[in-house]
Amino acid sequence: MLLNRSERNFPRVIVIGAGFGGVELARRLKNKEVEVLLIDRNNYHTFQPLMYQVATGTLASDSISFPLRKMFKNQDNFRFRLAEVLRIDAEQKIVHTSVADYDYDYLVVATGATSNFFGNKEVEKYSLPMKNIVEALNIRSYMIQNLEEAVLRKNTEDRQRYLNFVVVGGGPTGVELSGAIAEYQQHMLKKDYPELSTYDMKVYLVEGTGKILGALSEKSSRDAERYLNELGVKVTLNTVVTGYDGNTVTLSSGEQIPSKTLLWGAGVMGQMPEGIDPAIIERGNRIRIDQQCRVEGLKDVYAIGDVSAMISEDNPRGLPGVAPVAQQQGKYVAQHIMNILNNQETADFKYFDKGSMATVGRNRAVVDMGSFHMKGFLAWATWMFVHLVSIFGFRNRVVTFVNWSIKFLTKNSGIRLIIHKYHRPETIKANEELQNLKTN
Numbered sequence: 071m072l073l074n075r076s077e078r079n080f081p082r083v084i085v086i087g088a089g090f091g092g093v094e095l096a097r098r099l100k101n102k103e104v105e106v107l108l109i110d111r112n113n114y115h116t117f118q119p120l121m122y123q124v125a126t127g128t129l130a131s132d133s134i135s136f137p138l139r140k141m142f143k144n145q146d147n148f149r150f151r152l153a154e155v156l157r158i159d160a161e162q163k164i165v166h167t168s169v170a171d172y173d174y175d176y177l178v179v180a181t182g183a184t185s186n187f188f189g190n191k192e193v194e195k196y197s198l199p200m201k202n203i204v205e206a207l208n209i210r211s212y213m214i215q216n217l218e219e220a221v222l223r224k225n226t227e228d229r230q231r232y233l234n235f236v237v238v239g240g241g242p243t244g245v246e247l248s249g250a251i252a253e254y255q256q257h258m259l260k261k262d263y264p265e266l267s268t269y270d271m272k273v274y275l276v277e278g279t280g281k282i283l284g285a286l287s288e289k290s291s292r293d294a295e296r297y298l299n300e301l302g303v304k305v306t307l308n309t310v311v312t313g314y315d316g317n318t319v320t321l322s323s324g325e326q327i328p329s330k331t332l333l334w335g336a337g338v339m340g341q342m343p344e345g346i347d348p349a350i351i352e353r354g355n356r357i358r359i360d361q362q363c364r365v366e367g368l369k370d371v372y373a374i375g376d377v378s379a380m381i382s383e384d385n386p387r388g389l390p391g392v393a394p395v396a397q398q399q400g401k402y403v404a405q406h407i408m409n410i411l412n413n414q415e416t417a418d419f420k421y422f423d424k425g426s427m428a429t430v431g432r433n434r435a436v437v438d439m440g441s442f443h444m445k446g447f448l449a450w451a452t453w454m455f456v457h458l459v460s461i462f463g464f465r466n467r468v469v470t471f472v473n474w475s476i477k478f479l480t481k482n483s484g485i486r487l488i489i490h491k492y493h494r495p496e497t498i499k500a501n502e503e504l505q506n507l508k509t510n
């Protein structure tokens, strides 16, 4: 069903994706003479920087998620549709979705990114990525399932596969995830599983370049690596994963790590619906845009955030895939659209880098703000404050603060529940074959 253009009093702005950029743009259009239609496959916004804390049990999933309809309940010109976007018809200015077809005056693609396995199908099949809430909960369940399995294994070599946790990717996600797992090993493993030895559990971080936290300063990189070493994480640099069959991780150095758990945070790629010309897709599956966030060759179509590639002399690889970029672009495009409607010019987009930070566990973090560098407790407190005030919803902030306070005081994170068991592909296939044999 195509919704008739004549039903509207104001121009329609369709935003695809409820990430940081899409939400910021929609909010900036409040009380403007436009109709905002936000389309997403989920009915909530996720605060992705804290996803790893859901995966490791510090926070519940609803602590970093906020309902979109509640978020925009006081915005009269806002509408939301829970749908999968199937295709964009830029010529007819129509977005085809799983529930209806919607015409638009302005379209903003803010669909974000998904995991990039760089063509390694074996790794893609057996590893666990962490780009959404469901994947984070899969990691939490699977890690606990493997610890439960380790208790049952009498053979030392067999048990070790369940106690080796390999994290791939030395960016903030990989560093924070491996640090959180190592803290669990040090402070909670023996309490939960007295049958297991703390020394038997091992955490590996594998990074393909020469340093972790490549986007941060050399000081921050060195400090973060030292913190990981203090937590017992084995950091391996200039090394990539070449294979993983679900039992053994093979590295480019030739080393093999027996492990049932490979957590993938090594790369991202843009995700987008059909209808975008492949000729304007840049490295990392990102849409090429001009300096005003407009998709090249398309009229009244913008792309922002991780799915976009704003290439320039200063940024030959595009802007970094971080939340502040998406938020600033969302604010900019909202103003750009209003300027067009008011026949006003808009200057080119300029990204203002407020700084970067990453935490490596309790009292351990690094912060870069221009040439100023912080580390240790002060950086950790700064990281906590910035993330706490950035979460949507008063309740979520309070719950997160309480959980963090309890963990700080007791060194204990409390959500170690297997609500839905995670079954790897070969397990699913084996169960199906067994069921077929019983049926026949």
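In the working numbering, the protein residues as written are 71 to 510. We put the beta carbon where it would ideally sit given N, CA and C, even for glycine. Since we're looking at a predicted model, the values are computed, not measured.
If you follow the alpha helix (DSSP H) that residue i is in, where does it begin and where does it stop?
| i | result |
| --- | --- |
| Ile346 | Counting along the chain, Ile346 falls outside any alpha helix (DSSP H), and DSSP gives it neither H nor E. |
| Arg471 | Inspection of the sequence shows that residue 471 is occupied by Phe rather than by Arg. It spans Phe464 to Thr480 - the alpha helix (DSSP H) in which Phe471 sits, taken as one unbroken run. |
| Thr452 | Gly446 to Ser460 |
| Ala396 | Ala393 to Leu411 |
| Ala96 | Phe90 to Arg98 |
| Asp262 | Leu259 to Asp262 |
By a C-beta neighbour count over all protein chains shown, 10 Å radius and 16 as the cutoff for buried, is residue i buried or exposed?
| i | result |
| --- | --- |
| Val237 | buried |
| Arg387 | exposed |
| Glu94 | buried |
| Lys420 | exposed |
| Leu156 | exposed |
| Tyr254 | buried |
| Asp438 | buried |
| Asn510 | At Asn510 the pLDDT is 48, less than 50, meaning the model places this residue with poor confidence; the figure from the coordinates comes in the next sentence. Answer is exposed; the Cβ neighbour count stays below 16. |
| Pro242 | buried |
| Ala465 | It is worth fixing the name first, because residue 465 is Arg in this sequence and not Ala. Exposed. |
| Lys424 | exposed |
| Leu233 | buried |
| Arg434 | buried |
| Ala220 | buried |
| Leu504 | Reliability fails at Leu504, whose pLDDT of 43 lies under 50, so the model's placement of it is uncertain and no value is given. |
| His490 | exposed |
| Asn409 | exposed |
| Leu448 | exposed |
| Thr167 | buried |
| Leu389 | buried |
| Pro119 | buried |
What does DSSP give as the partner residue(s) for residue i in the beta ladder?
| i | result |
| --- | --- |
| Gly340 | Ala183 |
| Ile251 | In DSSP, Ile251 forms no bridge with anything. |
| Glu105 | Arg82 |
| Gly313 | Thr320 |
| Asn234 | Lys272 |
| Tyr378 | Per the sequence shown, the amino acid found at residue 378 is Ser instead of Tyr. Answer by DSSP bridge pairing, in chain order: Ile357. |
| Gln41 | It is not possible to answer for residue 41, since the shown part of the chain is limited to 71 through 510. |
| Val178 | Val85 and Tyr372 |
| Met439 | Phe442 |
| His166 | Arg157 and Asp171 |
| Lys304 | Tyr274 |
| Pro199 | Trp334 |
| Val365 | Ile359 |
| Leu352 | Note that residue 352 is Glu in the sequence shown, not Leu. DSSP, once it has assigned bridges, lists Arg356 as partnering Glu352. |
Can you grab the Cα-Cα spacing for the pair residue i / residue j, in whole Å?
| i | j | result |
| --- | --- | --- |
| Asn413 | Val395 | 26 Å |
| Val85 | Asn225 | 54 Å |
| Glu105 | Asn147 | 5 Å |
| Tyr297 | Val124 | 22 Å |
| Leu247 | Gly367 | 40 Å |
| Thr279 | Ala206 | 25 Å |
| Arg82 | Asn355 | 27 Å |
| Thr18 | Cys363 | The structure shown does not extend to residue 18, since the chain is modelled only from 71 to 510, so the question has no answer here. |
| Trp450 | Glu277 | 23 Å |
| Asn501 | Val468 | Because Asn501 sits at a pLDDT of 49, beneath the cut-off of 50, its placement in the model cannot be relied upon, and the point is left open. |
| Leu333 | Met271 | 15 Å |
| Lys140 | Gly463 | 10 Å |
| Ala252 | Leu217 | 14 Å |
| Lys481 | Met213 | 19 Å |
| Gly316 | Ile282 | 25 Å |
| Tyr176 | Glu352 | 23 Å |
| Leu107 | Phe80 | 12 Å |
| Arg494 | Ser131 | 21 Å |
| Lys260 | Leu487 | 17 Å |
| Val229 | Lys445 | The residue you asked about is not Val; residue 229 is Arg in the sequence shown. Cα to Cα, Arg229 sits roughly 37 Å from Lys445. |
| Thr320 | Ser329 | 10 Å |
| Asn208 | Lys401 | 34 Å |
| Ile109 | Ala153 | 6 Å |
| Val169 | Ala88 | 17 Å |
State the start and end residues of the unbroken beta strand (DSSP E) segment that holds residue i.
| i | result |
| --- | --- |
| Asp173 | Asp171 to Asp173 |
| Thr429 | Ser426 to Thr429 |
Any chance the CB of residue i is under 7 Å from a heavy atom of the ligand ATP?
| i | result |
| --- | --- |
| Glu383 | Absence of the ligand ATP is noted for the structure shown, with no ligands found whatsoever. |
- Item | Any beta strand (DSSP E) of 3 or more consecutive residues that is wholly inside the region 102-159 | With a minimum length of 3 residues, the continuous beta strand (DSSP E) runs that stay inside the region 102-159 are 105-110, 114-116, 135-137, 148-152 and 155-159.
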